[in-house]
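The structure appears right after this line, and notes come after that.
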Amino acid sequence: TGFMTGRTWSRFGVTAPQNERALPFDTVTITRALKEAGYETCLTGKWHLGSKPEWGPNHFGFDHSYGSLAGGVGPWNHFYKKGPYSTTWHRDETLITEEGHVTDLIAKEATTWIAGRGDKPFFLYVPFTAVHLPVKEPEPFLDKVPSAITGDVPRHYAACILHLDDAVGRIVAAVEQAGKADRTVIVFTSDNGGSTAENNDTKYPEDDYPSGRLTGNNLPLRGQKGDPYEGGTRVPTVIRWPGTLKPGTVCDTPLHITDWMPTFCALAGHTPAGDLKWDGQNVWGAITGESALPERSLYSVAPSFRAQILRRGDWKLIVHAGGKDPKTKADRPGKSELFLLSADPNETTDLAGTEPAKLAEMKGWLDEAMQADRDAVVPRGE
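The sequence shown finishes on residue 1698 if you use this note's numbering, and the numbering steps up by one all the way, no holes.
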């Protein structure tokens, strides 16, 4: 949601994966904006912003779409979780059945689409399902996993990453073969930290998945996928633009997923009409090192609004909601945590009790950031 709109997902009332339509149909998405600038647009991979064909990518600015309308799927049978949205594999607005591993299918669709573009500029979004559970990898990639990694799930998880790396390489090669490398910005990033969830999850139709927990490891950062701590939210990003972005460039400035839409629109020379209420901003100067960003608030929301997170400079505030824990059903008190990330990136020392002035200041910035929450919610049943 944040990537597609340039806005924090809580503006749409979306804080966790859902199958209902996430965005109003008139939302100016990144694809609609870039189409106005003359770009062809394609998604190949995981959509998960509305799990029916009539809520799919083609209704939000994509000329072509392929993959899962829902979330992560079984890598060989391509089924989502058991229920009304289990059959989800599609091409454009048609549900289809195919054979092959999901990582290979997504990469092949992407490379085929790139090869057919001609001279027109394009925007290609490839949200792989890897390394989402359930993992089940083919023998050629399992054979490449070092013997030091033992256990079924750890070996399949490592093979899944090797497989993903291979698929990304095929897409980069397709751009080069099309003669467009120096005119193409390639961004490789993620949406959350690693997970330790159960791989053989009974929510998915059975396909002989190896049993055990995923081995996502975000150490020394605290937390994992779904947590408000850095291990759940901080991810690396790699950018490639031969001839424009100098190899080895390092950006230490904290960026946000909502920054990509303003940045890509700026690189395309396009200014959308009207105020899109972006939370993000054009960060290309910070990426290249040519200019610094002004101090700003980076606002995020954990699943089910169970925590709200605000980063400003080196300071980070987490406000945990009170009430029933959605997972354990246990009562939990509301509380605030304050961390100075420059000195404590692993969030081991809560300063909320010793820095009352900074805590009050950060809560003021959080209150300001929260004002636009739920201002674009899709009414349920639509």
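Ideal Cβ positions, reconstructed from N, Cα and C, are used throughout, including at glycine.
Distance CB(residue i)-CB(residue j) smaller than 8 Å
i       : j       : result
Arg1323 : Trp1594 : yes
Asn1662 : Pro1470 : no
Thr1505 : Thr1553 : yes
Ala1490 : Thr1427 : yes
Glu1611 : Arg1628 : yes
Leu1657 : Asp1630 : yes
His1472 : Glu1455 : no
Gly1528 : Gln1540 : no
His1532 : Gly1510 : Just to set this straight, residue 1532 is Gly in the shown sequence, not His. Contact: yes.
Thr1445 : Gly1388 : yes
Lys1398 : Pro1521 : yes
Met1678 : Ile1346 : no
Arg1407 : Val1694 : no
Ala1349 : His1586 : yes
Integer-rounded CB distance, given that residue j should sit under 8 Å from residue i
i       : j       : result
Gly1329 : Lys1351 : Their Cβ separation, rounded to whole angstroms, is 26 Å, which puts Gly1329 and Lys1351 out of contact at 8 Å.
Gly1383 : Thr1403 : That belief does not hold up - the Cβ atoms of Gly1383 and Thr1403 are roughly 13 Å apart, past 8 Å.
Leu1654 : Asp1666 : 6 Å
Thr1579 : Val1599 : 5 Å
Leu1411 : Pro1373 : The Cβ separation is near 14 Å, so there is no contact.
Ser1652 : Leu1633 : 7 Å
Phe1341 : His1364 : Phe1341 to His1364, Cβ: 17 Å. No contact.
Ala1618 : Pro1544 : 5 Å
Option in the options with minimal Cα separation from residue i
i       : options                               : result
Pro1391 : Gly1366, Asp1524 and Phe1504          : Asp1524
Thr1357 : Ile1573, Val1442 and Glu1414          : Val1442
Ile1430 : Asp1482, Tyr1355 and Val1389          : Tyr1355
Ala1332 : Val1635, Leu1421, Pro1695 and Ser1620 : Ser1620
Gln1493 : Gly1434, Thr1518 and Asp1507          : Gly1434
Ala1353 : Ile1502, Gly1399, Leu1583 and Glu1522 : Leu1583
Leu1614 : Glu1606, Met1686, Ala1483 and His1406 : Met1686
Glu1414 : His1394, Lys1424, Pro1649 and Tyr1401 : His1394
Pro1588 : Ala1338, Thr1343 and Ser1326          : Thr1343
Ile1487 : Lys1424, Tyr1396 and Gly1366          : Lys1424
Ala1513 : Gly1605, Pro1450 and Lys1460          : Pro1450
Val1447 : Gly1596, Arg1407, Asp1507 and Trp1371 : Asp1507
C-alpha gap between residue i and residue j, whole angstroms
i       : j       : result
Ala1464 : His1417 : 25 Å
Ala1623 : Ala1637 : 6 Å
Asp1689 : Thr1560 : 37 Å
Leu1478 : Gly1669 : 45 Å
Met1320 : Leu1592 : 12 Å
Ala1659 : Ile1625 : 18 Å
Tyr1401 : Val1551 : 29 Å
Leu1421 : Thr1518 : 25 Å
Asp1379 : Asp1481 : 26 Å
Pro1570 : Ala1602 : 9 Å
Glu1546 : Val1635 : 14 Å
Val1566 : Lys1640 : 42 Å
Opening and closing residue of the beta strand (DSSP E) in which residue i lies
i       : result
Gly1383 : His1380 to Ser1384
Arg1407 : Trp1405 to Arg1407
Ala1623 : Ala1623 to Arg1628
Leu1656 : Lys1651 to Leu1656
Lys1424 : Run containing Lys1424: none in the beta strand (DSSP E); it sits in the alpha helix (DSSP H), Val1418 to Ala1431.
Lys1362 : Glu1356 to Lys1362
Lys1541 : No beta strand (DSSP E) holds Lys1541; DSSP gives it neither H nor E.
Endpoints, the alpha helix (DSSP H) within which residue i is located
i       : result
Arg1337 : Premise fails: Arg1337 is in no alpha helix (DSSP H) and is neither H nor E.
Thr1531 : It is not in any alpha helix (DSSP H) - Thr1531 carries neither H nor E in the DSSP assignment.
Arg1471 : Asp1468 to Gln1493
Lys1351 : Ile1346 to Glu1352
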